[in-house]
Amino acid sequence: MLFDKNWKVEKVTVNGSTIDISADQSAYFMRFYSDFLFNYVSDICSENFGKVTFNNVTNDFVITEANTYLGNCQPTSLDTNYSLFFTKNSSAVNNITYDIVQKSNGYDLTLSNISGDQLTFSYYTPPTNLSSQNWVIESLNINGTNYNKPTQQQGDNTMISSDGDFQSDYFNGGHGTVGFYADNRFRLLNLSVTLAVSDDPQIMQFDGLYFGNFFSGDRTLPYSYDISNGNETLVITKYNGDKATYSKKVLATSEISKSRISVYPNPATDIVIIENLKPNASLELIDNSGKIVRSLSNSKSNKTEINVKNLPSGIYYLKVDGQSVQKVIKK
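Going by the UniProt record's numbering, 124 is the number at position 124 of the sequence shown; the sequence numbering is gapless.
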């Protein structure tokens with residue numbers, strides 16, 4: 001349960017001082033990776049990331065490398081205490097125990113260091129009528145003006161997984177992660193968008209409003225969502241009142257086939273193998289900036305591989321026949 005989930009920071013207790021932010025509008029999240037470039041990544045004001053050695057038997061880990069990057073950040077007492085939790089003890093003795101308790105709407109996580117300091121997190125499980133559906137964008141309302149989707153470009157799936165993976169495709173494609181609140185809100189933690197250009201000005205306008213306006217701006221403030229019309233309509237509302245309206249998408253046969261595609265190993269070091277492809281499939285591997293770093297076309301076999309050995313470590317996104325399939329981690 002610890003790994004590959006976005007844990008919402010609820011309370012920070014360091015040196016006897018407790019700061020409770022569970023009810024704050026802004027939210028901060030941490031994510032643990034069992035096998036990645038860094039094993040923990042989070043941000044309050046500064047960025048905090050490091051490497052740890054996990055012990056799944058005793059439910060603890062030792063921090064072997066702790067990093068804090070301020071950048072242009074002006075740290076508050078919350079940020080200072082949060083970062084201090086990971087850095088105040090030397091790596092030789094910086095042992096952290098963790099405890100996970102299930103609750104009705106998710107899980108609570110408590111981290112405790114050898115100084116008696118604690119960080120408290122929550123992972124909130126989103127409703128299945130949000131996370132188990134495929135949605136397609138229909139319209140936007142930006143600054144009070146309504147924009148209907150151009151009929152000449154229908155768009156592809158929008159999906160929000162229970163683990164916080166987010167992908168949305170119109171003309172361009174966006175891939176990122178979200179963190180859930182206790183209610184019907186989420187924070188967009190990061191989003192990478194491809195940079196394709198259409199000759200159709202209507203498509204470019206709508207695509208630009210969608211990714212360049214609706215899904216841009218302050219990353220610390222939440223979006224809210226509402227599902228109505230018998231679970232057929234999703235409305236996502238930005239913190240400034242802008243709205244995106246989606247309809248529930250019925251999967252076509254090609255998309256059902258796409259869901260059966262197998263991608264392994266993941267994380268990968270040298271190659272990624274893709275199985276259950278249809279004849280003449282085209283594949284693209286896209287980095288976090290939206291750049292296509294690997295591509296294959298007209299694959300004759302139902303199984304192929306992509307060489308990732310010389311790619312930088314990080315997160316990539318695999319597309320098959322123009323449709324997003326899976327996030328790929330390069331170690």
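Glycine residues also receive a C-beta, built at the ideal position from the N, C-alpha and C atoms.
Note down, in chain order, each residue of its chain lying with its Cβ closer than 7 Å to the Cβ of residue i, except the 5 sequence neighbours on either side.
i           : result
residue 86  : 48, 50, 63 and 66
residue 238 : 214 and 223
residue 1   : 100 and 107
residue 61  : 52, 53, 54, 55 and 96
residue 190 : 176 and 177
residue 371 : What the structure shows of the chain is the stretch from 1 to 331, and residue 371 is not part of that stretch, so it cannot be assessed.
residue 93  : 114
Confirm, please, whether the CB-CB distance from residue j to residue i is below 7 Å.
i           : j           : result
residue 6   : residue 164 : yes
residue 9   : residue 121 : yes
residue 297 : residue 282 : yes
residue 96  : residue 81  : no
residue 308 : residue 268 : yes
residue 264 : residue 273 : yes
residue 142 : residue 209 : yes
residue 131 : residue 160 : yes
residue 231 : residue 129 : yes
residue 126 : residue 91  : no
residue 173 : residue 194 : yes
residue 276 : residue 262 : yes
As a quick exercise: from the options, pick the residue whose alpha carbon is nearest that of residue i.
i           : options              : result
residue 358 : 59, 240, 46 and 21   : No answer is possible for residue 358: it lies beyond the span of the chain, which begins at 1 and ends at 331.
residue 21  : 119, 32, 329 and 286 : 119
residue 77  : 59, 107, 88 and 44   : 44
residue 332 : 152, 130 and 56      : Nothing can be reported for residue 332: it is not among the residues displayed for the chain, which extend from 1 to 331.
residue 171 : 186, 162 and 206     : 206
residue 327 : 303, 305 and 288     : 288
residue 117 : 240, 158, 19 and 315 : 19
residue 145 : 242, 23 and 306      : 242
residue 217 : 303, 199 and 240     : 240
residue 24  : 104, 185, 30 and 89  : 185
Count the other C-beta atoms from every protein chain shown that fall within 10 angstroms of the C-beta of residue i, then say buried if there are 16 or more, exposed otherwise.
i           : result
residue 14  : buried
residue 339 : Only positions 1 to 331 of the chain appear in the structure, and residue 339 is not among them; the question remains open.
residue 59  : exposed
residue 39  : buried
residue 155 : buried
residue 68  : buried
residue 70  : exposed
residue 244 : buried
residue 169 : buried
residue 150 : buried
residue 219 : exposed
residue 183 : exposed
residue 115 : exposed
residue 42  : buried
residue 79  : buried
Excluding the five sequence neighbours on either side, which residues of its own chain have a C-beta within less than 6 Å of the C-beta of residue i, listed in chain order?
i           : result
residue 99  : 110
residue 32  : 2, 3 and 40
residue 187 : 27, 179 and 222
residue 123 : 5, 7, 106 and 107
residue 236 : 223, 225 and 244
residue 280 : 298
For residue i, which residues of its own chain have a beta-carbon under 8 Å away from its beta-carbon, when the five flanking residues on both sides are left out?
i           : result
residue 331 : 35, 36, 37, 267, 268, 269 and 313
residue 316 : 285, 286, 287, 288, 293, 308, 327, 328, 329 and 330
residue 357 : Since the first residue shown for the chain is 1 and the last is 331, residue 357 is missing from the structure and cannot be characterised.
residue 257 : Its pLDDT being 47, under 50, residue 257 is placed unreliably in this model, and the value from its coordinates should be taken loosely. Taken in chain order, the residues that qualify are 276 and 278.
residue 11  : 18, 19, 20, 21, 22, 118, 119 and 120
residue 83  : 44, 46, 48, 68 and 75
residue 147 : 139, 140, 141, 205, 206 and 209
Check: Counting Cβ pairs, one atom from each stretch, are 3 or more of them under 8 Å apart for the region 292 to 299 and the region 179 to 192?
Finding: no
Item checked: Meets three-Cβ-pair contact criterion under 8 Å: the region 127 to 141 and the region 234 to 249 -> The region 127 to 141 and the region 234 to 249 touch, with no fewer than 3 CB-CB distances between them shorter than 8 Å.
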